[in-house]
Amino acid sequence: MNHRLGDLQKTLKGGQAILISDPSWTEYYSGFVQLVHEEREAFLTITQTHSTLLHAHFSPLPPSWNGATKAGVSATAVERHLADIVQTENVHEILIDEHSLTLAEYRAIERVGASTSNTDMAKLWQQRMIKDVQEQANIAQAAQQTSQAAQRIQAELRPGISEQHLAEMLAETGRLLGAHQLAFPTIVAFGEHSALPHHQPTDKVLEENMAVLIDFGLKHNGYCADMTRSFWFGNNPPPRYTQIEIAVKDAYKKAMALLGSGSTITAADVDRAARDHLAKLGFRKEFIHTTGHGLGLSIHEPPSLNQNNPTEIKPGMCITIEPGLYREGLFGYRWENTLLLATNAPVELTVDQDKTPRS
Numbered sequence: 000m001n002h003r004l005g006d007l008q009k010t011l012k013g014g015q016a017i018l019i020s021d022p023s024w025t026e027y028y029s030g031f032v033q034l035v036h037e038e039r040e041a042f043l044t045i046t047q048t049h050s051t052l053l054h055a056h057f058s059p060l061p062p063s064w065n066g067a068t069k070a071g072v073s074a075t076a077v078e079r080h081l082a083d084i085v086q087t088e089n090v091h092e093i094l095i096d097e098h099s100l101t102l103a104e105y106r107a108i109e110r111v112g113a114s115t116s117n118t119d120m121a122k123l124w125q126q127r128m129i130k131d132v133q134e135q136a137n138i139a140q141a142a143q144q145t146s147q148a149a150q151r152i153q154a155e156l157r158p159g160i161s162e163q164h165l166a167e168m169l170a171e172t173g174r175l176l177g178a179h180q181l182a183f184p185t186i187v188a189f190g191e192h193s194a195l196p197h198h199q200p201t202d203k204v205l206e207e208n209m210a211v212l213i214d215f216g217l218k219h220n221g222y223c224a225d226m227t228r229s230f231w232f233g234n235n236p237p238p239r240y241t242q243i244e245i246a247v248k249d250a251y252k253k254a255m256a257l258l259g260s261g262s263t264i265t266a267a268d269v270d271r272a273a274r275d276h277l278a279k280l281g282f283r284k285e286f287i288h289t290t291g292h293g294l295g296l297s298i299h300e301p302p303s304l305n306q307n308n309p310t311e312i313k314p315g316m317c318i319t320i321e322p323g324l325y326r327e328g329l330f331g332y333r334w335e336n337t338l339l340l341a342t343n344a345p346v347e348l349t350v351d352q353d354k355t356p357r358s
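Numbering that gives the first Met the number 0 puts the sequence shown at residues 0 to 358.
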């Protein structure tokens with residue numbers, strides 16, 4: 000983790016300090032894990048030569064952190080600390096992320112006697128998008144636990160179980176497998192609810208011959224995994240359901256083939272590989288979201304695999320591929336895995352448990 004901090008310090012000019020306020024970025028650079036996301040628990044200040052973790056009085060400090068620490072995260076405490084480094088380190092410019100500050104915090108920063116500039120987050124993401132070996136291992140472990148939990152739950156499906164109950168069972172199964180927490184609120188959708196990509200579970204119960212969509216992920220050491228499985232519960236899927244199932248899985252294969260082609264490709268190229276295939280089959284309007292996204296400490300990170308993103312896809316990235324088709328009022332079908340982009344080919348980290356991770 001110290002190498003991340005060192006790399007960031009190398010980008011700073013003399014007289015610059017950066018204030019890290021977003022919880023995922025604080026964790027990325029310091030290891031500090033925020034326990035209550037509705038409250039401010041930490042800031043991180045970094046100059047060319049020093050770094051200080053400001054933390055809430057009740058918060059445990061990360062064992063890996065070897066920089067300075069100060070208790071107190073109120074706007075007044077931040078103002079006092081920044082005023083101190085302005086004087087002691089001759090700081091004249093403070094880089095901030097205005098999207099993760101309250102108005103009171105921003106006004107406090109303005110009072111310290113240094114100019115403020117918005118941090119170029121795109122440059123920081125260039126580093127964070129490429130996962131190091133430990134990050135890859137954490138995501139792989141989260142993916143394995145996610146896959147195991149999903150497989151166990153699918154075997155337990157019975158008529159009469161509700162979406163909400165199934166979501167609760169998934170969370171409990173993940174906990175028993177050793178997962179630290181959910182990566183995001185679980186999506187369980189039966190029947191026509193599966194046509195809503197971000198449906199939230201209800202008391203709707205499962206019946207024979209009904210579409211099922213489960214979008215689920217667990218965290219390990221703060222790192223996320225994400226997978227979606229769709230299937231027909233029963234022996235008689237209608238031809239229209241089978242049609243979109245085949246189309247989605249083929250679109251997934253198109254994206255995977257491009258990722259393994261060895262060519263220099265962008266996020267937009269991957270999206271087009273899946274989207275163009277579905278469009279050729281007449282499903283342009285039914286594919287209503289991006290083909291995938293990066294993930295790590297946050298469930299949605301760059302690169303977004305959308306039609307307009309020129310970001311180059313590189314080894315070391317962890318992304319999802321998740322084409323889907325949705326027929327309003329009937330059913331939807333989405334197929335998603337978490338991938339590690341290895342040097343030669345993408346490796347599926349979330350897999351059905353009768354299979355091994357494959358490239």
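Think of the CB as a built atom: it goes at the ideal place given N, C-alpha and C, for glycine as much as any other residue.
Source: prediction; values computed, not measured.
When the options are compared against residue i, the one with the closest alpha-carbon
i: Leu258; options: Gln144, Leu339, Ser297 and Cys223; result: Leu339
i: Gly328; options: Tyr240, Lys69, Ala254 and Ser20; result: Tyr240
i: Ala178; options: Phe215, Pro200, Ala278 and Ile186; result: Phe215
i: His292; options: Thr310, Leu304 and Arg283; result: Leu304
i: Ile138; options: Ala344, Ile318, Ile312 and Asp275; result: Ile318
i: Tyr332; options: Thr265, Val211 and Glu300; result: Val211
i: Asp268; options: Lys248, Glu244, Glu311 and Lys279; result: Glu311
i: Thr48; options: Glu40, Gly13 and Arg39; result: Gly13
i: Gln126; options: Val350, Ala82, Ala136 and Pro301; result: Pro301
i: Lys218; options: Pro196, Arg174 and Val187; result: Arg174
i: His133; options: Gly71, Asn220 and Asp83; result: Note that residue 133 is Gln in the sequence shown, not His. It is Asn220.
i: Gln306; options: Asn234, Met209, Asp270 and Ser73; result: Asp270
i: Met209; options: Pro237, Ile186 and Thr185; result: Pro237
i: Tyr105; options: Val77, Trp124 and Pro158; result: Val77
i: Ala188; options: Leu181, Gln199 and Gln180; result: Gln199
i: Asp83; options: Ser50, His98, Leu60 and Thr201; result: Ser50
i: Glu40; options: Ser99, Asp351 and Pro345; result: Ser99
i: Pro61; options: Thr101, Gln8 and Asn1; result: Asn1
i: Gln135; options: Ala224, Pro59 and Glu37; result: Ala224
i: Leu280; options: Leu294, Ile245 and Ile264; result: Ile245
i: Pro196; options: Trp64, Phe330 and Arg283; result: Phe330
i: Thr101; options: Ser63, Trp124, Glu38 and Ala154; result: Glu38
Proximal residues to residue i (C-beta, below 8 Å), its chain only, five neighbours per side dropped
i: Thr10; result: Lys122
i: Met120; result: Asp96
i: Asp249; result: His276
i: Asp6; result: Gln126
Sequence-distant residues of the same chain with beta carbon closer than 6 Å to residue i, five excluded per side
i: Glu88; result: Thr46
i: Gly315; result: Ile129 and Lys130
i: Thr185; result: Ala166, Leu169 and Phe215
i: Thr201; result: Glu162
i: Gln33; result: Pro22 and Glu40
i: Asn235; result: Asn208
Residue(s) in a DSSP beta bridge with residue i
i: Trp231; result: Ala210
i: Ala16; result: Ile93
i: Gly291; result: Leu304
i: Ser161; result: Val204
i: Glu311; result: Thr265
i: Val346; result: Leu339
i: Phe31; result: Looking at the DSSP assignment, Phe31 forms no beta bridge with any residue, so it has no partner.
i: Ile186; result: Asp214
i: Asn117; result: Ile95
i: Leu122; result: For the record, residue 122 in the displayed sequence is Lys; it is not Leu. Looking at the DSSP assignment, Lys122 forms no beta bridge with any residue, so it has no partner.
i: Thr319; result: Thr337
i: Thr68; result: Leu52
C-beta contact flag for residue i and residue j at 8 Å
i: Lys25; j: Leu43; result: This sequence places Thr at residue 25; Lys is not what is there. Result yes, Cβ atoms of Thr25 and Leu43 sit closer than 8 Å.
i: Lys69; j: His80; result: yes
i: Ile66; j: Val85; result: Checking the sequence shown, residue 66 turns out to be Gly, not Ile. No, the pair does not count as a contact, with Cβ atoms beyond the cut-off.
i: Thr115; j: Ile108; result: yes
i: Trp334; j: Ser262; result: no
i: Ala278; j: Asn308; result: no
i: Leu53; j: Gly71; result: yes
i: Ala141; j: Tyr222; result: yes
i: Tyr27; j: Leu296; result: yes
i: Phe232; j: Leu156; result: yes
Proximal residues to residue i (C-beta, below 7 Å), its chain only, five neighbours per side dropped
i: Lys354; result: Per-residue confidence for Lys354 stands at a pLDDT of 48, beneath the threshold of 50, marking its modelled position as unreliable; the derived number appears in the next sentence. If we look at Lys354 and ignore the five residues flanking it on each side, it has no Cβ neighbours.
i: Phe183; result: Gly216 and Ile298
i: Met226; result: Thr145, Ser146, Ala149, Phe215, Gly216, Glu335, Asn336, Thr337 and Thr349
i: Ile152; result: Leu165, Met168, Leu169 and Thr172
i: Ala103; result: Ala74
i: Gln8; result: Ile45 and Gln47
i: Leu176; result: Gln144, Gln147 and Ala148
i: Trp124; result: Pro301
Contact with chain B by residue i, beta-carbon distance below 8 Å
i: Gln153; result: Note that chain B does not occur in the displayed structure, where there is just one protein chain.
Using 8 Å as the threshold, is the segment 155 to 162 in touch with the segment 191 to 207, meaning 3 or more CB pairs across them? Put simply, the segment 155 to 162 touches the segment 191 to 207. At least three CB pairs are less than 8 Å apart.
Three or more C-beta pairs below 8 Å linking the segment 285 to 298 and the segment 311 to 331: yes
On the three-pair Cβ rule with 8 Å, is the segment 200 to 213 touching the segment 251 to 266? no
Inter-stretch contact at 8 Å, needing at least 3 Cβ pairs: the segment 92 to 104 / the segment 11 to 20: Yes, the segment 92 to 104 touches the segment 11 to 20.
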